[in-house]
Amino acid sequence: MRRFRGPEFRRSIRFTISRLATTWVCSAGIAVSQSTTGGAASPTPRAPGDATFASSVQPILARTCYKCHGEKRQKGDVRLDTLDPDITNGHDADEWHHALEMIESGEMPPERSRQLSESDRRILVDWLRESLDAAAKLRRQNAPTVLRRLTRAQYTNSLRDLLELDIDFGRTLPEDGKSKRGFSNDGTTLLSSSLHLETFRQIAREALERAIAPAERPEVTRYRVDFGSGIGKGKVAARTGGYQSVPLGTNDFAIALMGDHASLSKKKQDAIRRKMSIGLRGSDRERFQVVDEGIVLFSAVPHIEIAPGAWQGPSPNVKLEMQRVFPRHGDFVMRVRASRGYIPPLRKQLLVALDAKENFVHLDDVLLGDSSRISVSERSIVLPAADAEKLTNLVLEGEYLRPKSVPLPASAQFRIAVPENGFYQIDVVHRVVQTAQMPQIRVTALGATHDVRPVPPARLAAPRVPSLPMLDLRAGYRPFVVDATESIPAMVTTVCAAGMRRGTQVIKVGGPFFTGFRALVVTKLPATNALVRRLEADVAELTTKVQDAAPSIRAYVGTRTDDGMDYATFDEPRTVDAPLGHAGTYEFRGRLENLPIPEPESGDTEPLSGFLLLGLWNDTLVPTRDETGPPLLVESIEFEAPYHEVWPPRSHTRIFLERLSDETEDEYSRRVIARFLERAFRRSVGTDELDRYFTFWSHVRPTVATNEDAIREVLIAALTSPSFLFLVDPLSESESDSSDHALASRLSYFLWNSPPDERLRALAQSGDLRASLDAEVDRMLDDPKVDRFLRTFVHEWLRLDRFDQMTVDPTAFPRFTRFVKRDMLEETHRFVHEVLRTNAPVDTLIDADFTMLNENLARFYRIPGVRGVTFRRVELPEGSGRGGLLSHGSFLTGHSDGLEPHPIKRAVWLRKQLLDDPPPPPPPNVPELDKAAPDFDKLTLKQKIERHRDKDSCRECHKGLDPYGIAFERFNAVGLFEPKRKGQEIDATTTLPDGTDVDGVEQLKAWLLAVKKDEVLRGLTRNLFAWAHGRDVTFADDEEVAAILERVTSKGRGLRDLVHAIVATASFQNGR
Amino acid sequence: MTHKSWHLDRRSFLRGSGVACALPFFEGMTPRLTKTTGAPKRIAFVYFPNGVSLPDEKDEAFAQWRWFPHGDGTEYRFTKVLASLEPFRKDLTILGGLSHPLSRELLGHLAGDTWLTAGDVRGDRYKNTISVDQVAARVLRKHTRYPFLALSTDGGVGYKSRVATLSFDQSGRPIPSENRQRSIFERYFSAGGKSSLEARRASIERGKRIVDLVLEDSKSLRRRLGKRDVTKLDEFLASLESVEEQIERNETWLDIPMKDVDTSRLDLDPDPRKDPTAYLRATYELMALALETDLTRVMTFQTGREDGMGFADQFPRLAVGVARGHHTISHDSHAGHWEQWGRYDTWHAEQFAHFVRRLTELEDEHGRILDNTLVLYGSCCSTTHNARNYPLVLAGGSKLGLKHGSYRKYDEATPLSNLFVAMLGAVGVPVPSFADSKGTLPELFA
């Protein structure tokens, strides 16, 4: 390995040391390894209960260790002098075990301190070993099994499998607590509060109401919307306006009512059609166009995470808007007839949004408060408010027109003489208003409207403007600006650009919640402007560019909100390879209850409420509006809900078995209940138990109308029973097979996070499970349900929740979109899945020559040659700097602060998550650094870290921590390789705790594989062991962990082998 | 994003309690409706994470952006941060210097676990103790439909050092908090929905039967488990018993109509990712309504979690346009950071002031709700990670004997638990001590 001596520090001012000093604690979680109380009280040392300890061990400890880990100081939060020397019966075995590890690894005593003599070392180690071995043995014998409640995910999966309903049942349960390792399935942290019990029962009742079919098949809603220029002429449909809406004209689509609505009278059908419209809110007008064959959608440009665009979907996206004419539950299907599209000749007369780089005139720098200064560009036509015509709901106040009633639409009109054909930017000069009050400006021209929300420049932000609470605004129609005084500054908002022809054009400004204004400014954009270039680009050239790529469809369902939509995608995206003229049908399935559909109560009288949105976008994403991407042609969208493959549905027939001809209702019900209990409890059911439920049934039966109602009550009780809710390994009432059933459950909740399937249960029932374990494990690992385990385990093990919750600054990293974020998570999950699938060595997690990518993420990482929306294994090109978890965006971004990388968080993650060697927690009340030092802001990262390490209290720990983080420095806050930052080359050279010098992640990975390979394997083993057992791993498990490691190492260190080895341990087989 | 429940059915037989005290320890397990004499006495706690802006005297932000007022006693002057509380000066006291002794050495984030418990969470076996609201609930529950409400922005319990609830039960176990305004409203305020009395009575009957069966089932399971660890099953049984208790309580209250109140100000689907002001106010509004209707007399509301967990961390960006997480702000040191922090604290305090105002506007037959309600507002650290000198505002209770109008500074000889003893006493739950208290705070009373 190359070694770099004497690393040279380069400047890189990036983060403040106080964050550095303290936040790593936060990212580490509290890995408390504190042995006794932290130091407020002064506990009395316990009397040694063991002669050897008193005579020979304690004096060595006192000589060598107590100085730093005794009464006066507790370095690393470790105190030894108060530990109970009775390791076997006392409560401090884990702490003693930790001490032994430190001594054996040579980490303690530290280099510069007094060392142990060889004989002292032997005495100490022998005593610790013997005592710990005895303690481990005892612990293994007596360890109580903690009953594990099903986690939220396990509960959901169990109900899903049991009822065959794909509903996210557990969504309303309180979130589960996490163990010290971060796992949700640790028995000790899983609560059963009464809120849980209430919720379990509520869910059970509602789930069974869904599962048990009503006598009559419910009405099926089935609509199809066809697109095409002029095909809707003379037909009925709605056009839904509202804030920033982009409605499609009713001439351009036609609605067909099918299914149970087909037989309705035309009048009734039209009443439904009047509740249906097509919207493209969130879409730039130049990214879609209705043509004869349908509607062409260019590739979607991801939305930027800035309000309100962040919740209007990518551009363009098209949706069917259904107001209160849709069912609320059940499976549904969306069918899209589509093909590859083409780039239609662009319209010249249109209104379009501008992005920052296209914005030509920056008026706000020029005019603030002084009207005489509205002269910004010779090209500008300035139209003062006082000259406006046809005023609606506006009153002149000084130089300003302001709305008389804010919520009502206002309007002022100008007729302008456009000097020449071209693109013009439209700006409005108005008073600063608080964004919280949702003010907007609407420009109407050329038959289109465009809305924007003004965002005051930072220096004019809120505090200078009188505040008006939202509630007051809603209650009484008051203006934003109570007193339009001169002290309130003016600002300029760019609304849009307009492609206009020479001659007189009419432009209106206003809208509801209008800010009022002082002037409208129209400015011709030069031919060199980015917008102009974009819109005037040659169609043929654009077409050639995208001919090799295929469009794709991503489907979503949502609810219309005032300023966007609340939505979620469903099903997988589909690549559209049908050629133009030969459209194919692409089908997407989902479940309405899992998706953000409108609340039934949401104000039935509001004209713009209660809209269910069923939409799609072209998912072959492009990063900017300069690219069209491969266009998609959509001919029609169809919606069918509820969708039943069979009637009655399987969820019903699985419960209500076929009734035998000679069966009485009692007999039948007993059989139905017995069958359900066995499946719900995942074992055979004893007679006493069944009697209890049957007796309950016979009490209920006379009080309800149908037997289905009675049985439902029984099943609700079963789903609230601890036999369903807990993983129980009871001493059986009578059957001898219960431990096999318990093993089947342990196995399936380990590898599927779900209940055992029919086959596992059958094997348990017949007693053949233990003999066929290896084959079963392989079968389970190959089943798609393994994803349920990996999604949870990988998420919790790698602390991907931090990535989930990370908000990246959208202005600093505009390319880091929500789709990149989503795909980074996918990469990590699929990567671990691939390692497991192929039984690749665990070392692959540290360094791999492949990763899992789709086009979107590959483009972000700048890895060429990956096309399309589907994820696949991609062999990494030489020098890509990627490969292994350490280069995954999910880890790197999750351990940044959204703006800058965070080396300490990354270092703690490496030690805790990968090496299972969490650094000790920082001391309380970490001293503040002297921020007042005049040079503080100018210090480089390394200098700040060093200054920090100069503090005595911090040095010891940070020595073993900082270097790991510094090695990641070339990866920025969103995981992109960045050799330079702020014009300076980045210094990622560092000296690891063992003295090795490394430069960057590649060398760190090489070192990990050369020196720490076994620690990585051991770390993953312990985490997987903890997950499999639903408890923490202690020193009592050392023996088994060692045996697993030996077995796995001898087989080639494969991840699959590791799973097999864990299943083979006695503790797993016996549920200990 | 609003969270739509997939089950929207109002027929559920039980709208349930938050969580009741887990052990049948106090007041018996069969609550009886007690004839209320005199005004209801109520208690509420509102928490925010990560401490507050506290520039020192040398800093130019000291004058305006320090959370604590300048001066002390009755002559104190608010900075910008708490200025929104000025109209309620006569109804509140600012408390400085208080903290929990056992948490002082802990990282501030961890002290969040103990804000209402004063528990000892040092060491690697998590052990907390009952929170003060639950002590109050043990006594005050007998007067109301629900024993208490535990609310938050994230819901659930979180985990050690990042808890998502302020309330801990008799055994020190965290009580899951609730955060979705719509489901809170449906669960507690519109119990039974529009269904008839008979239907509700029948559903209560069914509920009782199911609980009986599950109890039987659990007990039989417990026997079969023999000497295995049954702690978790006992926890389940205890919770089941409090469910049963709530069913009985619902039965008791079945015929008593809910007080008719104005619910027009309720916003049940505010989106915290867009409008944190509306979001916090929506929960405050539910709290005010719960007090007004005497739904419960005990409430906790955790407005955010420590250490950047949960979506409340994004509030500064959304509410005052500071493009950093709340936790990041609390660690910041660039020039001007005090002002950013102070502006956020100001906004947060404004929402609290809004709540206090609501409590002055709402009245019952005993006068303003605020006068019979004690509300404690505060955090568990002063500045970042420093679990001393908690920022605290005690509001309300002029008819409970409180004497307000001062900024009182304490030294570390006075544990925060003394305040809890005082508050409990004021709401009719006299206790000789709470956790590590060393007396009470008599100076708070007239």
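Chains A and B, in that order, give the protein sequences.
Quick note on numbering: the first sequence equals residues 1 to 1072 in this note's numbering.
Quick note on numbering: the second sequence equals residues 1 to 446 in this note's numbering.
All residues carry an ideal CB built from backbone N, CA and C; glycine is no exception.
Everything numeric in this text was worked out from a predicted model, so none of it was measured.
So residue i packs on residue j, CB below 8 Å; how close in whole Å?
i: residue 721/A; j: residue 211/A; result: Residue 721/A to residue 211/A, Cβ: 17 Å. No contact.
i: residue 617/A; j: residue 300/A; result: 4 Å
i: residue 228/A; j: residue 293/A; result: 6 Å
i: residue 97/A; j: residue 1025/A; result: At roughly 16 Å, the Cβ-Cβ gap does not stay under 8 Å, so residue 97/A and residue 1025/A are not in contact.
Between residue i and residue j, what straight-line distance do the alpha-carbon atoms span, to the nearest angstrom?
i: residue 1071/A; j: residue 829/A; result: 28 Å
i: residue 615/A; j: residue 594/A; result: 16 Å
i: residue 873/A; j: residue 619/A; result: 20 Å
i: residue 426/B; j: residue 362/B; result: 21 Å
i: residue 130/B; j: residue 919/A; result: 31 Å
i: residue 307/B; j: residue 148/B; result: 27 Å
i: residue 28/B; j: residue 294/B; result: Residue placement at residue 28/B is poorly supported in this model, since its pLDDT is 30, which falls under 50; the coordinates still yield a value, given next. Spanning the two alpha carbons is a distance of roughly 22 Å.
i: residue 1058/A; j: residue 729/A; result: 25 Å
i: residue 136/A; j: residue 145/A; result: 15 Å
i: residue 680/A; j: residue 686/A; result: 14 Å
i: residue 103/A; j: residue 284/B; result: 55 Å
i: residue 1061/A; j: residue 1027/A; result: 14 Å
Check whether the Cβ of residue i lies closer than 8 Å to any Cβ atom in chain B.
i: residue 175/A; result: yes
i: residue 213/A; result: no
i: residue 685/A; result: no
i: residue 807/A; result: yes
i: residue 197/A; result: yes
i: residue 819/A; result: no
i: residue 369/A; result: Its pLDDT being 37, under 50, residue 369/A is placed unreliably in this model, and the coordinates cannot settle the point.
i: residue 742/A; result: no
Less than 8 Å between CB atoms is the rule here; does residue i satisfy it with respect to chain A?
i: residue 301/B; result: no
i: residue 323/B; result: yes
i: residue 176/B; result: yes
i: residue 159/B; result: yes
i: residue 328/B; result: yes
i: residue 229/B; result: yes
i: residue 525/B; result: Residue 525/B lies beyond the residue range present for chain B, which begins at 1 and ends at 446; the question has no answer from this structure.
i: residue 23/B; result: Residue placement at residue 23/B cannot be trusted, given a pLDDT of 26 that sits under 50; what the coordinates show is reported in the next sentence. Not closer than 8 Å to any Cβ of chain A, the Cβ of residue 23/B fails to qualify, so no.
i: residue 351/B; result: no
i: residue 232/B; result: yes
i: residue 240/B; result: yes
i: residue 134/B; result: no
Which residues share a DSSP beta bridge with residue i?
i: residue 411/A; result: 392/A and 510/A
i: residue 902/A; result: Answer by DSSP bridge pairing: none, since residue 902/A is not bridged.
i: residue 1043/A; result: Partner(s): none; residue 1043/A has no beta bridge.
i: residue 368/B; result: 363/B
Are the C-beta of residue i and some C-beta of chain D separated by less than 8 Å?
i: residue 235/B; result: In the structure shown, chain D cannot be found, because the protein chains are A and B.
Against chain A: residues of the region 257-281 of chain B by CB proximity under 9 Å
Under the 9 Å Cβ criterion, the region 257-281 of chain B contributes 264, 265, 267, 268, 269, 271, 273, 274, 275, 277, 278 and 281.
Residues of the region 208-227 of chain B in Cβ contact with chain A at a cutoff of 8 Å, in chain order, please.
Correct list: 209, 210, 213, 214, 216, 217, 218, 220, 221, 224, 225 and 226.
Chain B contacts made by the region 174-195 of chain A, where a contact means CB separation under 7 Å
174, 175, 177, 178, 187, 191, 192, 193, 194 and 195
So if I threshold CB-CB distances at 8 Å, which residues from the region 390-416 of chain B count as touching chain A?
none
Relative to chain A, which residues along the region 305-324 of chain B have a C-beta separation below 9 Å, given in chain order?
Contact residues of the region 305-324 of chain B toward chain A are 306, 307, 308, 309, 310, 311, 313, 314, 317, 318, 319, 320, 321, 323 and 324 (C-beta to C-beta distance below 9 Å).
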